[in-house]
Structure formats: C-alpha cells, structure tokens
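Data first, discussion second: the structure below is written as structure tokens.
In the working numbering, the protein residues as written are -14 to 138.
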C-alpha cells in the first residue's frame, strides 16, 4: 500500500471517528486514543499506509463499541451543511453501535466485512444480517424523513 502523510492519516482517522460519534469532541478523543495506542504499539518508521489506517480504525471500533455514548443530532448539525447529508447523518447516529460501525465500515469506507470481524467479535453471517437490515432501515427512514420534510415545505 502507498504511504500517506501524517496529516492525511490524522484526517482520515478523525473522519472515521466522527462518522461513528457525530460529535467533534468525541471524535477527537477516540482518534487521539487510537492513534496513541497504535503509535505506542508499533515502530512507525513513516509506515503510514492504508493498512496502518485500518488498524487504527479497528481500534476506534473497539473503543467505541466498549463505551458508546448517547449523542443527539445537534452534536453533528453544525458540521453538516446539506439537507440530505443532515438527514443521512441523523439516521446513522440513531443506529445501534454495531449497526453504525458495520454500515460505516462497509458502505462509507468500502472495507470488507472480514476486516471488521476482529474489531467487533461477531461472525461474518451476523455482520451480513446486520448490514442488510441496517441498509433497509436507512432506506425506510430516509423515505419517511423525506415525506416529513416535504409536508413542512
């Protein structure tokens, strides 16, 4: 894998953490904790590849799933400027932790379900079910939110 700069790595890690938490403060705490743990556990030698990012992302999932904090839509509202993005982020934030991690891992970042198994300690078939039901839930909620939005116009 190609190496990336430290700045790019930090931005990617923060973006991943933000998508999970929906809160700037929570994302900073998660990203900092995961990066610090990975740096202490490895010899960087400027080896900031996509594989290294995936290790940090897995650590973020471990930290988040062990202590998910309830968040409100208002926590992320200032970071989302488009109505569709606001609605989708709100729906993602309403998901259970495992569902949220799975959908972000697979559909937002494009990683395989096999790569998330060690982070969430769930078998592949369960993750497939979670992914399918979460996708369906997002579609239904998106349609429902869209109808509510049209009625208020």
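Every residue gets a Cβ at the ideal spot worked out from N, C-alpha and C, and that includes glycine.
Closest Cα partner of residue i within the set the options
i	options	result
residue 39	129, 13, 75, 91	91
residue 14	-1, 109, 80	-1
residue 21	3, -9, 74	-9
residue 1	24, 41, 73	41
residue 49	110, 16, -6	16
residue 5	46, -6, -4	46
residue 78	-7, 3, -3	3
residue 168	80, -5, 19	Missing from the structure shown is residue 168; the chain here goes from -14 to 138 and no further.
residue 160	-3, 128, -6	The question about residue 160 has no answer here: the residues shown for the chain are numbered -14 through 138.
residue 76	130, 102, 106	130
residue 80	-5, 126, -6, 107	126
Residue environment, residue i, which counts as buried when at least 16 other CB atoms sit within 10 Å
i	result
residue 36	exposed
residue 43	buried
residue 63	Since pLDDT at residue 63 reaches only 38, below the 50 mark, its modelled position is unreliable, and no value is offered.
residue 57	Unreliable placement is indicated for residue 57, whose pLDDT of 38 sits below 50; the coordinate value is still reported in the next sentence. The residue is exposed, with fewer than 16 neighbouring Cβ atoms inside 10 Å.
Reduced DSSP category for residue i - H, G, I as helix; E, B as strand; rest coil
i	result
residue 1	helix
residue 128	helix
residue 38	helix
residue 94	coil
residue 106	coil
residue 81	coil
residue -10	coil
residue 61	With a pLDDT of 33 at residue 61, under the threshold of 50, the predicted position of this residue should be treated as unreliable, and no value is reported.
residue 8	coil
beta-carbon residue i near the ligand PLP non-hydrogen atom, thresh 8 Å
i	result
residue 35	Although the ligand PLP was asked about, the structure shown includes no ligands whatsoever.
Please confirm if the segment 111 to 124 is in contact with the segment 80 to 95, defined as three or more CB-CB distances below 8 Å between the two stretches.
yes
Cβ pair count under 8 Å reaching 3, the segment 7 to 20 against the segment 91 to 105
no
Can you confirm whether the segment 68 to 79 touches the segment 109 to 118 when touching is taken to mean that 3 or more C-beta pairs between the two stretches lie within less than 8 Å?
no
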